[in-house]
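In my numbering, the protein residues as written are 909 to 1156.
The C-beta atom is built at its ideal place from N, Cα and C for all residues, glycine as well.
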Amino acid sequence: MELHQYSVNQGETRLLVKSDVEGVDGPVSDAVSEARIQLLSHIDLVPEFRWSMEPIEPPGMDLPDFIRSMYAAGQVSGVGPFASVAGALAGVAAQTAVEAGSSNVIVENGGDLCLYGEGPFTVGIFAGTSPFSQALGFRVIPGHSFTGLCTSSGTVGDSVSFGEADAVVAYVPDSPAVADALATSICNEVIGNSGVELGIEKARGIGVGGVAIIFGEKFGAWGKLPDLVDVARGENDFTLDARVHSRA
């Protein structure tokens, strides 16, 4: 399957879009620009939406769907709503690409993915110096669902994390926002010799989607995940890489 590749840059948002139809970059750029205006306006009204590291209740006002999804993602995962911003905006872009005619689309935003279509898509994992880095990946078949596959790391990249995992990958079949927040939440728990076990315990308690944890020579997983595949030869559509940071 041939996928056309586009870069969409709006403010601090840096998207890489792959679609099976041409010409989606214009509509996607417009939609992301509008979403960013809504996002910044909401931050002006509710500053804690941007800065809180704990879940907060949404205000009693009309909200764009993607902003409401960020509040929900924080509540599900036990983190602040802005921990889901990259995944949420990837979702906006992917939905717009489908509305513009795409049957298969992948949107990457700061190491977080939203995928749609029959694919299949092969996604590698960058995990710093771990032996699993760029060796393991997932074979993803999202179907007609905007699927989130997001990563967080305590050892690579400059995103805020309180954990020590080389990579935590969260998979949520119907919400890239929840996947993004979930990856952050689980990564925060991975500390010390029992870090993987602590992360798995946290994931089990949240009970949403699936999680894979890479911590040095240790690997752990919980929940529903796509099939694991060997990507050591570089045969993948994307690599989940927390070094690729997007602030929004």
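1. Which one or two residues does DSSP pair with E1016 in a beta bridge?
2. Give the range of the beta strand (DSSP E) segment to which N917 is assigned.
3. Between which two residues does the beta strand (DSSP E) holding G1124 run?
4. If you reduce the DSSP assignment to three classes, tell me which class V1086 lands in.
5. How close, in whole Å, do the beta carbons of A1140 and A1129 come, if the pair is a contact with beta carbons under 8 Å?
6. Roughly how many angstroms lie between the CA atoms of G1103 and V1076, to the nearest whole one?
7. Determine contact between the stretch 927-945 and the stretch 995-1005, defined as no fewer than three beta-carbon pairs at a distance below 8 Å.
8. Please report how far the alpha carbon of G986 lies from the alpha carbon of S1010, in whole angstroms.
9. Three-state secondary structure (DSSP) at L1057?
10. Assuming the contact rule is C-beta atoms closer than 8 Å, T1055 and V1048 should be a hit. Round their C-beta distance to whole Å, please.
11. Let me make sure I understand the geometry here. Which of G1131, H950 and P1134 has the alpha-carbon closest to that of M969?
12. Where does E1109 land, buried or exposed, given buried means 16+ other C-beta within 10 angstroms?
13. Can you give, in chain order, each stretch of the alpha helix (DSSP H) that sits fully within the stretch 926-977 and has at least 4 residues?
14. Which same chain residues, not among the five before or five after S1053, have their C-beta less than 8 Å away from its C-beta?
15. Do the stretch 971-979 and the stretch 940-955 make contact, defined as three or more Cβ pairs closer than 8 Å?
16. How would you call S915, buried or exposed, if buried means at least 16 neighbouring beta carbons within 10 angstroms?
17. Use the C-beta contact count for I1122: other C-beta atoms within 10 angstroms, 16 or more gives buried, fewer gives exposed.
18. I'd like the list of long-range same chain contacts for V940, defined as Cβ closer than 7 Å, with 5 residues on each side in sequence excluded.
19. Considering Cα atoms alone, identify which of T1147, E956, A943 and D933 is closest to L971.
20. Considering only the beta carbon of each residue, do C1022 and G995 sit closer than 9 Å?
21. By DSSP, does T1004 sit in helix, in strand, or in coil?
22. Drop a sphere of 10 angstroms on the beta-carbon of E1016, count the other beta-carbons inside from all chains shown, and report buried for 16 or more, exposed for fewer.
23. Quick one: using the 10 Å Cβ neighbour count with 16 as the cut-off for buried, is T1030 buried or exposed?
24. Could you check if F1070 is buried or exposed, using at least 16 other CB atoms within 10 Å of its CB as the buried criterion?
25. Determine the direct distance from the alpha carbon of E910 to that of G1107, and round the result to whole angstroms.
Well, looking at it:
1. Working through the sequence shown from its first residue, we reach residue 1016 at position 108. In the DSSP output, where bridge partners are listed per residue, E1016 has L924 and L1021.
2. Here residue 917 refers to the residue found at position 9 when the sequence shown is read from its first residue. Unbroken beta strand (DSSP E) run through N917: H912 to Q918.
3. As a working note, residue 1124 is residue 216 in the sequence shown. Counting along the chain, G1124 falls outside any beta strand (DSSP E), and DSSP gives it neither H nor E.
4. Along the sequence shown, read from residue 1 onward, the residue named residue 1086 stands at position 178. It is helical.
5. Indexing the sequence shown from 1 puts residue 1140 at position 232. Indexing the sequence shown from 1 puts residue 1129 at position 221. About 19 Å separates the Cβ atoms of A1140 and A1129, ruling out a contact at the 8 Å cut-off.
6. Position 195 of the sequence shown, counted from the first residue, corresponds to residue 1103. Position 168 of the sequence shown, counted from the first residue, corresponds to residue 1076. Rounded to whole angstroms, G1103 to V1076 spans 11 Å at the Cα level.
7. yes
8. Reading the sequence shown from its first residue, position 78 is the one you call residue 986. Reading the sequence shown from its first residue, position 102 is the one you call residue 1010. Rounded to the nearest angstrom, the two C-alpha atoms are 34 Å apart.
9. Residue mapping note: residue 1057 aligns to position 149 of the sequence shown, counting from 1. DSSP places L1057 within a strand segment (E or B) once states are collapsed to three.
10. What you label residue 1055 is simply residue 147 of the sequence shown in a count that begins at 1. What you label residue 1048 is simply residue 140 of the sequence shown in a count that begins at 1. Indeed, because the Cβ distance is near 7 Å, the residues count as touching under 8 Å.
11. By one-based count along the sequence shown, residue 969 stands at place 61. Closest by alpha carbon: H950.
12. By one-based count along the sequence shown, residue 1109 stands at place 201. Flag for E1109 reads exposed.
13. Whole alpha helix (DSSP H) segments, 4+ residues: 933-953 and 956-959.
14. Translated into positions along the sequence shown, residue 1053 becomes position 145. These residues qualify, in order along the chain: Y1024, P1081 and D1082.
15. Yes, since at least three Cβ pairs between the stretch 971-979 and the stretch 940-955 fall closer than 8 Å, the two stretches touch.
16. Looking up residue 915 in the sequence shown gives position 7. The residue is exposed, with fewer than 16 neighbouring Cβ atoms inside 10 Å.
17. Residue mapping note: residue 1122 aligns to position 214 of the sequence shown, counting from 1. With 16 or more other Cβ atoms within 10 Å, it is buried.
18. As a position in the sequence shown, residue 940 is number 32, starting the count at 1. Same-chain partners within the cutoff: V916, Q918, T921, L923, L997, V1000 and A1001.
19. Taking the sequence shown and counting its residues from 1, the one referred to as residue 971 is at position 63. Nearest C-alpha to L971: A943.
20. Residue numbering aside, residue 1022 sits at position 114 when the sequence shown is read from its first letter. Residue numbering aside, residue 995 sits at position 87 when the sequence shown is read from its first letter. Against a cut-off of 9 Å, the Cβ pair of G995 and C1022 comes out as a contact.
21. Taking the first residue of the sequence shown as 1, we reach residue 1004 at position 96. Of the three classes helix, strand and coil, the one that applies to T1004 here is helix, per DSSP.
22. Within the sequence shown, the letter at position 108 stands for residue 1016. Per the 10 Å Cβ criterion, buried.
23. As a first step, residue 1030 is located in the sequence shown; it is residue number 122 there, counting from the start. Under this definition T1030 is a buried residue.
24. Here residue 1070 corresponds to residue number 162 of the sequence shown, with the count starting at 1. So F1070 counts as exposed.
25. Locating residue 1107 in the sequence shown gives position 199, counting from the first residue. Locating residue 910 in the sequence shown gives position 2, counting from the first residue. When rounded, the distance between both Cα atoms is 37 Å.
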